[in-house]
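Residue numbers (this note's numbering): 2 to 154. Notes to accompany the following structure.
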C-alpha cells in the first residue's frame, strides 16, 4: 500500500474528471487538508469531489462563512476555507469539533490557519503548478488515509 499518490492534470477539466472518479471511491470519516498557493485549485478540487459524490447544486467557496455543509444521500460533507480566519480559537466558538465524526468527510483549505484546534489530516493534498496545469500530490498521514490512497490507486 502506498502512502503517496501523484497525478498531473493538463487543465481544470482533467482535475474535475479525476475528482469525479475519486469521489465515488471515497470512504467516510476522513479529514483531508488541501494545501497550495492562491489559485492552485483547492476549491476546484473540493467542488469536483462534492459534485462527484452526488451534489447537484453549486459548490461555493466558504471563504467568508468558514464552512459550507453538504447533506448528501450517503453522508455529510463539510467544506472549510480558513483563509480569512484571524485566530484558531474562532473555530472553537463555532463548535468545530462537532463536524469531525465517523460518517462525515471534511475538506479543509488553509488548514494551517486552524493549527492546534483542527484534528490531524488523514490525507494531505498538495496542489502546485505543473506546465499549464496542476500537479496533485496526496500523502497519507494515517492508516485510514493509506486505505483511501489504495482505493484511489
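Using N, Cα and C, we set each Cβ at its ideal position, and we do this for glycine too.
8 Å Cβ cutoff met for residue i and residue j
i	j	result
residue 35	residue 110	yes
residue 92	residue 58	no
residue 80	residue 39	no
residue 37	residue 150	no
residue 125	residue 140	yes
residue 42	residue 16	yes
residue 60	residue 89	no
When the options are compared against residue i, the one with the closest alpha-carbon
i	options	result
residue 130	138, 124, 123	138
residue 18	48, 41, 63	48
residue 63	44, 77, 56	44
residue 78	85, 50, 90	50
residue 85	153, 145, 112, 4	112
residue 14	5, 144, 46	46
Cutoff 6 Å; reference residue i; Cβ partners in own chain excluding five residues on either side
i	result
residue 11	134
residue 53	20, 21, 24
residue 2	Its pLDDT being 45, under 50, residue 2 is placed unreliably by the model, and the measurement read from it follows with that caveat. Excluding positions up to five away in sequence, the list reads 147, 151.
residue 136	9, 129
residue 71	51, 56, 78
residue 97	none
Beta-carbon proximity list for residue i, same chain, < 7 Å, skipping 5 on both sides
i	result
residue 76	29, 104, 105, 106
residue 101	32, 107, 120
residue 6	139, 150, 153, 154
Integer-rounded CB distance, given that residue j should sit under 8 Å from residue i
i	j	result
residue 67	residue 83	7 Å
residue 31	residue 123	5 Å
8 Å Cβ cutoff, residue i in contact with chain C
i	result
residue 143	This model lacks chain C altogether; it includes just one protein chain.
Q: Note down, one range per segment and in chain order, each alpha helix (DSSP H) of at least 4 residues found wholly within the stretch 17-93.
A: If we require 4 residues or more, the alpha helix (DSSP H) runs fully inside the stretch 17-93 come out as 43-53.
Q: Any chance you could list the beta strand (DSSP E) runs of at least 3 consecutive residues sitting entirely within the stretch 88-142, in chain order?
A: Runs found: 105-110, 124-131, 134-141.
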